[in-house]
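Presented below is the structure to which this report refers.
Residue numbers (the working numbering): 559 to 1230.
Here is the structure:
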């Protein structure tokens, strides 16, 4: 290893370790310790800089961004997001809108340039997932209702932040942002997100299941890292940030059955490179600039805390949450963090923001992070204070609104409406995948022509080849859309035309409605294809010939395509329907003096067959623990959470008699 690099890493890690221990003793977030360590070893701290090769450290810090965002993705849960979806969407959208406007106005008030003001608004709009999660863990509040709301809001914020980064890149390049550019950016990003999530949820969990069978931590870790860097590279090649790819593949892997084992393997790597990332942030802090801009830093910090508390509390409340939970949500989100640093770095990289904006963002993050634990702790006291000082009629009105929203959201739709909604979602996802296929063909056209300039037929021949390839890839999706559209049309006709009212004309009216829906849907589908493939459409004569080839392919391959689509749909539903693996602490096992052992054979038809121990959640539900497994080919002592149970296994349980009985009931066959 190069001596300079070894020296720099040694300095970074030694100073970071010392400062981190100090911050732990002071019960402060360790992230602040890393930033302080960077300031200590940075070039702006006398008497001389301790880091010789900043470029290498910054390269390692980019790896820190990858692992940090990958770890955040592992915390992502589609099921948790669904539970708090409306609150998360409303509160996150309102918070980002309010803070972007507030940051922009603050920048203009201080006399900063347009680009500095726009980037300041974006920097202030996103809260810190890492800091909030660590603060909630240290305070022991991760299981409370408001903490789940905060997690949902953070997930939506992270997604919107990715959109914001894409838009800021375009705005910084052109200096303007037309509605058409926004629409195209959103369409491309949606297609990328949708395609990666769908394909990833189908392929990745099965790949990890296969790798996990070898019982090798090394093999599983290398596979996970390969997926992480591979998807991050794809994101960069498509013009998105490396953070986007890392976050998305983390979210996909979070749905795998081996998530607990993967998190345990990734924690040391994440912690090391994340430390380097936050230390590199401290390296950029110039104390002279902080002194020069102390007034803007203090003003911006106050605006962040007040603005986020008000915006997030109001957004959570209007979504139907009670006053206390809404206030707790607002006071828990009053800081900025890792995405803010990424946005600030983007401005520096594109050379559109001033040098002072980055250290200001770091200083504001430090101040707001320091305030976060105290805000969360005091949220109960503030809620009680509001109870005392606000007029009782106003409090009663607020409670009435909360109950009214709860009743509205708790309403149940008819089975037909739920089925139509489900089909609409499936059609939308299919069209999103079709969009991705054609955008990929458009993306490949200039690259293929450069590498293959002698393609038969020239550019027209290349267009024909790409268009035909895209249509063949999308044909299973088109067939699925038509089938679901036909089913939806028939259901709509039955809902809208009742036999009691229509009498003898019932069947005729229903047939007319089905025909209208099918014709309108088919025309819309044709229009979508023409718009998506406008830049790769061949001449009309060639298009007619290719159309005949597609008709022949449809006739010959219709049934295989239907089976292929059904298999992919089943695989996706299987992944999303698996029980969520518990990641929180389970109840403590009973004392050995008070516990007993019981051996139970897994019977035929047991729901435990083929499941991981972590998926069964026996310890969290019953208090009993599996301490051993007896098998014909050998026994497993103290099995891990990723151990898969097989037919005929004899499980050795440890627990109290009532716990053992409950555990035995969990593996009993399901009565039909």
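Backbone N, C-alpha and C define an ideal beta-carbon position, used for all residues, glycine too.
Computed from a predicted model, the values in this text were never measured in an experiment.
Practice item. Can you tell me which of the three DSSP states residue 1213 falls into? Key: strand
Check your understanding: Where do the N-terminal and C-terminal ends of the beta strand (DSSP E) with residue 1185 fall, by residue?
Key -> 1183-1189
Exercise for review: Pull up the DSSP beta-bridge partners for residue 620, would you.
Suggested key: Its beta-bridge partners do not exist; DSSP assigns none.
Point to revise | Cutoff 6 Å; reference residue 1047; Cβ partners in own chain excluding five residues on either side | key: 1072, 1075 and 1076
Practice item. Report yes if the C-beta distance between residue 911 and residue 668 is below 9 Å; otherwise report no. Key: no
**Study point:** Cβ pair residue 1042, residue 985 closer than 9 Å
**Key:** yes
Exercise for review: Would you identify the three-state DSSP class for residue 1163, choosing helix, strand or coil?
Suggested key: coil
**Study point:** Assigned exposure category for residue 864 - 16 Cβ within 10 Å defines buried
**Key:** exposed
Practice item. Could you say if the segment 715-729 and the segment 903-910 meet the contact criterion of at least three C-beta pairs nearer than 8 Å? Key: yes
**Study point:** Cβ contact (3+ pairs, closer than 8 Å) linking the segment 813-833 and the segment 764-779
**Key:** yes
Review point. How many angstroms separate the CA atom of residue 1098 from the CA atom of residue 1104?
Key: 10 Å
Review point. Name the DSSP bridge partner or partners of residue 1157?
Key: 1210
**Study point:** Beta-bridge pairing of residue 1231 - partner residues as DSSP gives them
**Key:** No answer is possible for residue 1231: it lies beyond the span of the chain, which begins at 559 and ends at 1230.
Point to revise | Cβ shell of residue 569 (< 6 Å), same chain only, five flanking positions each side left out | key: 599 and 608
**Study point:** Length of the line joining the Cα atoms of residue 745 and residue 934
**Key:** 38 Å
Check your understanding: Taking the DSSP output, what are the residues bridged to residue 1193?
Key -> 1188
**Study point:** Distance, residue 722 Cα to residue 610 Cα
**Key:** 35 Å
Check your understanding: What is the rounded straight-line gap between the Cα of residue 1181 and the Cα of residue 1214?
Key -> 8 Å
Review point. Would you report the Cα separation of residue 806 and residue 628, rounded to the nearest angstrom?
Key: 8 Å
Practice item. State the Cα-Cα distance for the pair residue 1012 and residue 833, rounded to the nearest angstrom. Key: 51 Å
Check your understanding: Between the segment 574-582 and the segment 821-830, are three or more C-beta pairs nearer than 8 Å?
Key -> no
Exercise for review: Could you pull out every unbroken alpha helix (DSSP H) segment of at least 4 residues lying fully inside the segment 1016-1065, listed in chain order?
Suggested key: 1016-1054 and 1057-1060
Check your understanding: For residue 1192, which of 1185, 1207, 646 and 1199 has the nearest alpha-carbon?
Key -> 1207
Review point. For residue 702, which three-state DSSP category applies?
Key: coil
Check your understanding: At a cut-off of 8 Å, is residue 760 close to the ligand ATP when judged by its beta-carbon and the heavy atoms of the ligand?
Key -> The ligand ATP is absent from the structure shown, which contains no ligands of any kind.
Check your understanding: Between which two residues does the alpha helix (DSSP H) containing residue 909 stretch?
Key -> Looking at the DSSP string, residue 909 is not in any alpha helix (DSSP H), and its letter there is neither H nor E.
Practice item. Mind the definition here: the segment 1197-1204 touches the segment 1126-1137 only if three or more C-beta pairs lie below 8 Å; say whether that holds. Key: no
Review point. Got a sec? Which residues, its chain only, sit under 8 Å from residue 941 by beta carbon, not counting five neighbours each side?
Key: 881, 882, 885 and 886
Exercise for review: Find the nearest neighbour of residue 870 within the set 657, 858 and 853, judged by alpha-carbon distance.
Suggested key: 657
**Study point:** residue 829: first and last residue of the uninterrupted alpha helix (DSSP H) it sits in
**Key:** 817-841
Review point. Excluding sequence positions up to five away, which residues of its chain have a Cβ less than 8 Å from the Cβ of residue 1003?
Key: 1020, 1021, 1024, 1093 and 1094
Review point. Excluding the five sequence neighbours on either side, which residues of its own chain have a C-beta within less than 6 Å of the C-beta of residue 831, listed in chain order?
Key: 621, 622 and 625
Review point. Just the Cα atoms here: how many angstroms apart are residue 1143 and residue 812?
Key: Interpretation of residue 1143 is limited by its pLDDT of 45, a score under 50 that renders its predicted location unreliable; the figure taken from the coordinates is listed afterwards. The alpha-carbon atoms of residue 1143 and residue 812 are separated by roughly 18 Å.
**Study point:** For residue 633, three-class secondary structure by DSSP
**Key:** coil
Check your understanding: Going along the chain, which residues of its own chain have a beta-carbon closer than 8 Å to the beta-carbon of residue 1222, five neighbours each way excluded?
Key -> 1156, 1158 and 1211
Review point. Taking the alpha-carbon positions, what's the residue 698 to residue 927 distance?
Key: 18 Å
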